[in-house]
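Residue numbers for the sequence shown follow numbering that gives the first Met the number 0, so the first one is 0 and each next one is one higher.
Have a look at the structure below before the remarks.
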Amino acid sequence: MRMRFGLLGPPAVHDASGEPRPLNSAKARALLAALLLRPNRVVPVDELKAALWGDEPPASAHASLHNHVTRLRRLLAEDDRLRAAPPGYLLRVEPGELDTEVFEEQVRTARAAQARGDWAAVADAARLGLAMWRGSPLAGLYDPDEGAPALVQRLRESRLLMLELRYDAELQLGRHDGVGPELAALVAEFPLREAFHRQLMLVLHRTGRQAEALAAYQSLRRTLVEELGVDPGPAVQEAYQEVLRAPTAVAPRPAGASASGPVAASAESRPPPPAQLPPAPAHFIGREDLVAELRAALALDGGDGVSRPVVVSGMAGVGKSALAVRVAHALRDDFPDGQLYVNLRGATPGVTPLDPGHALCALLRDLGVDPRQVPGEVDAAAALLRSTLAPTRTLLVLDDAASAAQVRPLLPAGPGCAVVVTSRSPLTALDGAARFPLAPLSAADSGLLLRAVSGRGFEEGLERLVERCGRLPLALRVVAARLAARRALTADVLAGLLDAQAGRLDQLDYDDLSVRGSLAVAHDGLDPDAALALRRLGAVDLPEYGAPAVARLMDTDERRAAAALDRLVDVALLEEVSYGRFVPHDLVRDFARELAERDDGRQQAAERVLVWYAEATRQIGITLLPPGQEAGLRLPGPIGEGVPFESAEQALAWGDLELPNLLALIERYASESATALLLVRAGFTYLQRRGRLQELAVMGELALDAARKLGDTAAEAHALTDLAGMNFLSGRAERALTLNESAVTIWRTLGDDRRIQRGLGNRGMLLEGLGRYEEAAEALESALACARRLGDAHGEAIILSHLGNLLEHTDARAAIACHERSLAAGVRLNSEILRLTAHCNIGYAHLTLGEPAEAARHFDESLALIGDDGDWHTQSQARIGRVRALRELGRAEEAHRECALLLERAGSRADTQMQALARHQRGLLVHAEGDEDEARELWESALSALEALDGKHAALMGELRELLGRPVPG
């Protein structure tokens, strides 16, 4: 699989698995489009600036462009995909990756096929080319009122040409079904384009609608005469003469068909073979690979003389029956003895599922068995069915099965028969079946289906409408029917109605099509536990669900919750995306929310799951922090019943798995639940260890706003402290200092001496980083005295570490001595964090003394203690120090590897500060190797990132400006 780029609509990127990569800003889309318009060629920086900011880019445009390029590189996730190439940037695009190139290649293919008269190839190329369109090319990048760019106009004209070629091919191949409404919509959209009028006239004429064909001609002629003063051209005139010459023309009969039907002798001797398949779907789009796999599975038995049923399963409205009928029609010629169809009514609203006895009776009757000869017992009737079908080649379609028990008696045993079963359940109890789970359509196929059923051409809002329908065929058919019924209703307006979660399902009911009704049938057939689980999923919206969380929602044990989840998967109301992790379709979420609105226990359920998540997150902190006062300062007290983690690895793995759910709960409940605030506080240690700075920022701001809203001053102080820590880790020391001072003020009011002492230590550390050394020394001495008065040996060791960092500016040897005292305390207190921090700090002091070999040894000691899953802040500081030491030792290859690893890990954590420090070092490495251009690019990027922070890195920014030859501010 390859990455795919899109310009036939809003600029888009899909990864190799087909998943869209988010382009969340207009600037990102503009940058991508500017690069894709000249793929595999250098686009100068000035042109990129013009694309992003117009003719008057701001003074900061150069630095901002580097940031946008960096973010786009991260999004593309391939090192060599987007690279600097003076005087600009080059985006590598492989053949077949850019939709405009693929489309234009299909245009060339279609025209070549037309020239040699291969109309099937024309139709295939047109279908593939038109499927690439997602909307107006370069949508959102220009003002439609000012006219479309030349490229957009050219692409639109090519699309119209492809449409003409497609409909000419359909006419030549005699495929007129479903074409009329599409051509009528195009005629209305392009009233002066004669080709569409000609094609509409021929379709109407060849399907026996001569009067309408003549009316279409008269309408075109009137329009051309009134607006242009000309008559229709020769091609339209020729079509008009065809209509006049053959008033009774109908679509040609397929080759080999006979007007007289079956052989007379056969018709007299026995009933004709059953041909019970419902009509093939009028609009069946996509799923070509799946159709091919199903046909292959049904074409032959397994080689052992046993008929193997095929089960097509999936959620309500996903298109199971349409697929089964489509495939069955394609295989009719392979089963000359008949095609049987039974609706087993497993999920028909208001109807009891058909019992096997009645189904057997109907099948045997349709095969010519006298109803009086059908045994009353199911087993005997099933045996008679197998005997009747044994010598035949017959296809059975068993639609909408409720269970394996309902299907099993209906299965033939002979090798010449085939069976297609559709069900919301995969029917895993049906031995030997080949299973084909059905997912929603792709975005492109969804758009094609929507346009085909609605009879609309392209219009704004269709792409959004597809996503609001969750790409579910039933939902798409509902909105298509609404669009077809009300021409004044636009796709954009209808998408807006679907944007609101409340009432979305109301918009997906039309005539006898109902998403809510289909889901309700599945719900009504659930056992009480599964029904309760579905309601409670609607009460608390989480990205994913596991049995432990659902057990708290249901107020039951995990075994029953797991069984309920399995049942919801079995009826396709949930999808198991990984072992033990479940996700509902978006429309199932809407349905579950509606159920939850009628559930009086939803608030208590939400509180139970909050308590469980908060206590489990607290247990992570207990596992990661050293025992004693440190855990007591950083973590809240017990929140609920919790099970300790066996190891740090297990605790971190749980946090990694549940982080999206933690964030969702905090965003939803922070302003109304005190437990949510405890969850934020409990999560700080885990997020800090992982270096998840963006999540720390989001959670901290939510907690601060909520604490102030609730008037909880202690919670406000905790939130301020956590936010100060986040800003320090992000390189924003000034902001961190302000937040820390506010927290200390509250702790003084509350009389909490231990947290006052910790706040004083943080003040000293922050002041040291800002170069305010005298103030830092005063704060640290006060903190040290406070720690000794309180008997806080761990806190005293931390302050010794800060004092060592302060001494490094004046006496690096004294700094090492101070850090060694902190290291000794770490050994005495069995504190890993004190030991690894001390080794890291000693390494920096040796760098200051010009002793890179000793520095490297201590950085290695620190990293050995941290491991890959250790505290990110100290790990990143040790790694960047190690890069410096290796570079100074002349071990450039090792320094490059360490720097690359650091950049990768910092990028995955959105740690822009550490990325900037690593780019500075990498720039020095490549500059020493003679690559001045790459060095400048790296330094430009580093300086741009550091300028967005505050004064902590003033000295480094001065060095970068000197390296770049820029003036250093006085």
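Where is the CB? At the ideal position from N, CA and C, for every residue including glycine.
Everything numeric in this text was worked out from a predicted model, so none of it was measured.
Look up Gln275 in the DSSP assignment and say whether it is helix, strand or coil. For the purposes of this step, residue 275 is taken as the residue at position 276 of the sequence shown. DSSP places Gln275 in coil when its eight states are reduced to three.
From the DSSP output, in three-state form, read off Asp333 for me. By one-based count along the sequence shown, residue 333 stands at place 334. Helix at Asp333.
Decide if Asp498 is buried, meaning its Cβ has at least 16 other Cβ atoms within 10 Å, or exposed. Counting from one through the sequence shown, the residue named residue 498 turns up at place 499. So Asp498 ends up on the exposed side.
Let me know the secondary structure DSSP gives Glu575 once reduced to three states. Translated into the one-based positions of the sequence shown, residue 575 becomes position 576. It is a strand residue.
Using only the alpha-carbon positions, how far apart do Leu322 and Ser577 sit? Taking the first residue of the sequence shown as 1, we reach residue 322 at position 323. Taking the first residue of the sequence shown as 1, we reach residue 577 at position 578. C-alpha separation (whole angstroms): 26 angstroms.
Please classify Pro261: does DSSP put it in a helix, a strand, or coil? Taking the first residue of the sequence shown as position 1, residue 261 is located at position 262. Confidence is the limiting factor: at Pro261 the pLDDT is only 31, short of 50, which leaves the residue's position unreliable, though a coordinate-based value still follows. Pro261 falls in the coil class under three-state DSSP.
Relative to the alpha-carbon of Leu159, which residue among Gly228, Gly456, Glu18 and Gln236 has its alpha-carbon at the smallest distance? Within the sequence shown, numbered from 1, the residue matching residue 159 stands at position 160. Checked all of Gly228, Gly456, Glu18 and Gln236; the closest Cα to Leu159 is Gly456.
8 angstroms contact criterion, which Gly356 and Ala389 should meet: CB distance rounded: As a first step, residue 356 must be located in the sequence shown, where it is residue number 357. As a first step, residue 389 must be located in the sequence shown, where it is residue number 390. Not quite, the Cβ-Cβ distance comes to about 21 angstroms (not below 8 angstroms), so this is no contact.
When the Cα atoms are used, what is the spatial distance from Asp123 to His175? Position 124 of the sequence shown, counted from the start, is the residue given in the question as residue 123. Position 176 of the sequence shown, counted from the start, is the residue given in the question as residue 175. Their backbone Cα atoms lie some 16 angstroms apart in a straight line.
Could you name the residues of the same chain whose beta carbon sits closer than 7 angstroms to that of Tyr772, not counting the 5 residues immediately before and after it, in chain order? Counted from its first residue, the sequence shown places residue 772 at position 773. Leu805 and His808.
Distance between Arg463 and Glu237 (C-alpha atoms, nearest Å): As a first step, residue 237 must be located in the sequence shown, where it is residue number 238. As a first step, residue 463 must be located in the sequence shown, where it is residue number 464. Their Cα atoms are separated by approximately 42 angstroms.
Quick one: using the 10 Å Cβ neighbour count with 16 as the cut-off for buried, is Asp142 buried or exposed? Along the sequence shown, read from residue 1 onward, the residue named residue 142 stands at position 143. Exposed, because fewer than 16 other Cβ atoms sit within 10 Å of the Cβ of Asp142.
Can you check which of these residues, Ser135, Val549 and Leu170, is closest to Glu156 by C-alpha distance? Indexing the sequence shown from 1 puts residue 156 at position 157. Nearest option by C-alpha distance: Ser135.
Ala941 beta carbon less than 9 angstroms from that of Gln914: Counting from 1 along the sequence shown, the entry for residue 914 is found at position 915. Counting from 1 along the sequence shown, the entry for residue 941 is found at position 942. Contact: yes.
When you compare the CB positions of Ala50 and Ala29, do they come within less than 9 angstroms of one another, or not? For this step, residue 50 is matched to residue 51 along the sequence shown. For this step, residue 29 is matched to residue 30 along the sequence shown. The answer is yes: Cβ separation under 9 angstroms.
If you follow the beta strand (DSSP E) that Ser821 is part of, which residue opens it and which one closes it? Here residue 821 refers to the residue found at position 822 when the sequence shown is read from its first residue. Per DSSP, Ser821 belongs to no beta strand (DSSP E); it is in the alpha helix (DSSP H), Ala811 to Leu828.
Rounded separation between Ala248 and Leu182 - CA only: Along the sequence shown, one-based indexing puts residue 248 at 249. Along the sequence shown, one-based indexing puts residue 182 at 183. Any reading at Ala248 must be qualified, since the residue scores a pLDDT of 41, below 50, and its modelled position is unreliable; no value is offered.
Inter-residue Cα distance where the pair is Thr847 and Ala811: Walking along the sequence shown from the start, residue 847 turns up at place 848. Walking along the sequence shown from the start, residue 811 turns up at place 812. Straight-line Cα distance between these residues: approximately 7 angstroms.
Which two residues bound the contiguous beta strand (DSSP E) that contains Pro43? For the purposes of this step, residue 43 is taken as the residue at position 44 of the sequence shown. Looking at the DSSP string, the run of the beta strand (DSSP E) that includes Pro43 is Val41 to Pro43.
Count the C-beta pairs between the region 1 to 20 and the region 103 to 119 that are closer than 8 angstroms, then say yes if the count reaches three, no if not. no
Is Asn660 buried or exposed, if buried means 16 or more other CB atoms sit within 10 Å of its CB? Within the sequence shown, the letter at position 661 stands for residue 660. Asn660 comes out buried.
Residue burial classification, Glu287 (beta-carbon count within 10 angstroms, cutoff 16): Looking up residue 287 in the sequence shown gives position 288. So Glu287 counts as exposed.
With distance defined between alpha-carbon atoms, name the residue in Leu162, Asp230 and Val224 nearest to Leu199. Within the sequence shown, numbered from 1, the residue matching residue 199 stands at position 200. Leu199 has its Cα closest to that of Leu162, out of Leu162, Asp230 and Val224.
Taking only the alpha-carbon atoms, compute the straight-line gap between Arg515 and Ala438 and give it to the nearest angstrom. As a position in the sequence shown, residue 515 is number 516, starting the count at 1. As a position in the sequence shown, residue 438 is number 439, starting the count at 1. If I take the Cα positions, the gap works out to 18 angstroms.
Bridge partners of Pro19, per DSSP? As a working note, residue 19 is residue 20 in the sequence shown. Pro19 is bridged to His13.
Same chain, Cβ closer than 8 angstroms to Thr982, neighbours up to 5 away in sequence not counted: Because the chain is modelled from 0 through 969, residue 982 falls outside the range shown and cannot be assessed.
Of the residues Gly869, Asp867, Glu733 and Asn840, which one's Cα is nearest the Cα of Ala855? Taking the sequence shown and counting its residues from 1, the one referred to as residue 855 is at position 856. Nearest of Gly869, Asp867, Glu733 and Asn840 to Ala855, Cα basis: Asn840.
Between Ser422 and Ser312, which are expected to be in contact by the criterion C-beta below 8 angstroms, what is the C-beta distance as a whole number of angstroms? Numbered from its first residue, the sequence shown carries residue 422 at position 423. Numbered from its first residue, the sequence shown carries residue 312 at position 313. Confirmed, Cβ separation roughly 5 angstroms.
Comparing C-alpha positions only, which one of Leu736, Glu853 and Ile745 sits nearest to Gly760? For the purposes of this step, residue 760 is taken as the residue at position 761 of the sequence shown. For Gly760, the nearest C-alpha among the options comes from Leu736.
Span of the beta strand (DSSP E), counted from its first residue to its last, around Leu395: Here residue 395 refers to the residue found at position 396 of the sequence shown. Unbroken beta strand (DSSP E) run through Leu395: Leu394 to Ala400.
Between the beta-carbon of Leu980 and the beta-carbon of Ile665, is there less than 9 angstroms? No information on residue 980 is available, as it lies outside the stretch 0 to 969 that the chain covers here.
Cβ separation of Arg220 and Glu96, assumed to be a contact under 8 angstroms, to the nearest whole Å: By 1-based counting over the sequence shown, the position of residue 220 is 221. By 1-based counting over the sequence shown, the position of residue 96 is 97. Not quite, the Cβ-Cβ distance comes to about 46 angstroms (not below 8 angstroms), so this is no contact.
Taking the beta carbon of Leu152 as the centre, do at least 16 other beta carbons fall within 10 Å, making it buried, or is it exposed? Position 153 of the sequence shown, counting from 1, holds the residue named residue 152. In the sequence as presented, Leu is not what sits at residue 152; that position holds Gln. By the 10 Å Cβ count, Gln152 comes out exposed.
Have a look at Glu103, Leu395, Ala934 and Glu933 and flag the residue whose alpha-carbon is nearest the alpha-carbon of Val406. Sequence index remark: in the sequence shown, residue 406 carries index 407 (1-based). Val406 has its Cα closest to that of Leu395, out of Glu103, Leu395, Ala934 and Glu933.
Three-state class that DSSP yields for Phe189 in the structure shown: The residue you call residue 189 lines up with position 190 of the sequence shown. Coil at Phe189, not helix or strand.
Among Leu64, Gly842 and Arg827, which residue has its Cα nearest to the Cα of Ala814? In the sequence shown, counting from the first residue as 1, residue 814 sits at position 815. Residue Gly842 is the option with its Cα nearest to Ala814.
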